[in-house]
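> Encoded as structure tokens, here's the structure I'll be asking about.
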Amino acid sequence: MEYNDNQPIWLQIYDLMCARIAEGKYPAGERIPSIRELAVEMQVNPNTIVRVYERMEGDKMIANRRGVGYFTTDTALTTINEVWRKEFIDNDVPQFIQRMEQFGVGIEEFNRLYQNIINHENKH
2 MEYNDNQPIW LQIYDLMCAR IAEGKYPAGE RIPSIRELAV EMQVNPNTIV RVYERMEGDK
62 MIANRRGVGY FTTDTALTTI NEVWRKEFID NDVPQFIQRM EQFGVGIEEF NRLYQNIINH
122 ENKH
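For the sequence shown, counting from 1, position 111 maps to 112 in this note's numbering; every step adds exactly one.
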């Protein structure tokens, strides 16, 4: 994996693991790679993965079964979607609104465009 300099590596791996869960690679109740396995795959120090798994465990996305490994929780996907929704609202929406104002796109025009897109997608 290639890492960017704009975000800590452990957060990039956290995002990747969330994406893998969201994509169904690790369904609810399934075992995820061990700390060592993921460290080798990601070519990072195991302590980096410990930090990722601690965050995911704190967010209730994974649970540790002593002596067996880490497993995704039944609520992992819901939690990931909540985290992503909050990030979208906190980060993307304000930027989007700034661009709307910059280009003079009012709420009425936006609503019309939104409905056109929704209607078009529902037809396909």
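Note that beta-carbon positions come from the ideal geometry of N, C-alpha and C, so glycine has one too.
Considering only the alpha carbon of each residue, which of E42, E55, P34 lies closest to L12?
What you label residue 12 is simply residue 11 of the sequence shown in a count that begins at 1. Ranking E42, E55, P34 by Cα distance to L12 puts E55 first.
> Determine the DSSP secondary structure at R1, reduced to helix, strand or coil.
Beyond the ends of the chain as shown, which are 2 and 125, falls residue 1; an answer cannot be given.
> Just the Cα atoms here: how many angstroms apart are G30 and L78?
Here residue 30 is taken as the residue at index 29 of the sequence shown, counted from 1. Here residue 78 is taken as the residue at index 77 of the sequence shown, counted from 1. If I take the Cα positions, the gap works out to 11 Å.
> Would you mind stating whether I50 and A40 have Cβ atoms separated by less than 8 Å?
Within the sequence shown, numbered from 1, the residue matching residue 50 stands at position 49. Within the sequence shown, numbered from 1, the residue matching residue 40 stands at position 39. Cβ distance < 8 Å, so I50 and A40 count as in contact.
> Do you know how far the Cα of E42 is from the Cα of I10?
Translated into the one-based positions of the sequence shown, residue 10 becomes position 9. Translated into the one-based positions of the sequence shown, residue 42 becomes position 41. Computed Cα separation, rounded: 14 Å.
> Using CA coordinates, which residue listed in R86, G59, T73 is at the minimum distance from R21?
Position 20 of the sequence shown holds residue 21. Per the Cα distances, T73.
> Based on DSSP bridge pairs, tell me the residues matched to R52.
As a working note, residue 52 is residue 51 in the sequence shown. In the DSSP output, where bridge partners are listed per residue, R52 has none listed.
> Ends of the alpha helix (DSSP H) at D60?
Reading the sequence shown from its first residue, position 59 is the one you call residue 60. Premise fails: D60 is in no alpha helix (DSSP H) and is neither H nor E.
> How many Å lie between N112 and V53 at the Cα?
Counting from 1 along the sequence shown, the entry for residue 112 is found at position 111. Counting from 1 along the sequence shown, the entry for residue 53 is found at position 52. Approximately 39 Å between the Cα atoms of the pair.
> Quick one: residues in its chain with C-beta nearer than 7 Å to the C-beta of P1, no 5 flanking neighbours on either side, listed in chain order?
Residue numbering for the chain in the displayed model covers 2 to 125; residue 1 lies beyond these limits and cannot be assessed.
> Please report the distance separating the alpha-carbon of E88 from that of D16.
Residue mapping note: residue 88 aligns to position 87 of the sequence shown, counting from 1. Residue mapping note: residue 16 aligns to position 15 of the sequence shown, counting from 1. Roughly 12 Å between the two C-alpha positions.
> Could you tell me whether the Cβ atoms of I81 and C19 are closer together than 8 Å?
By one-based count along the sequence shown, residue 81 stands at place 80. By one-based count along the sequence shown, residue 19 stands at place 18. Result yes, Cβ atoms of I81 and C19 sit closer than 8 Å.
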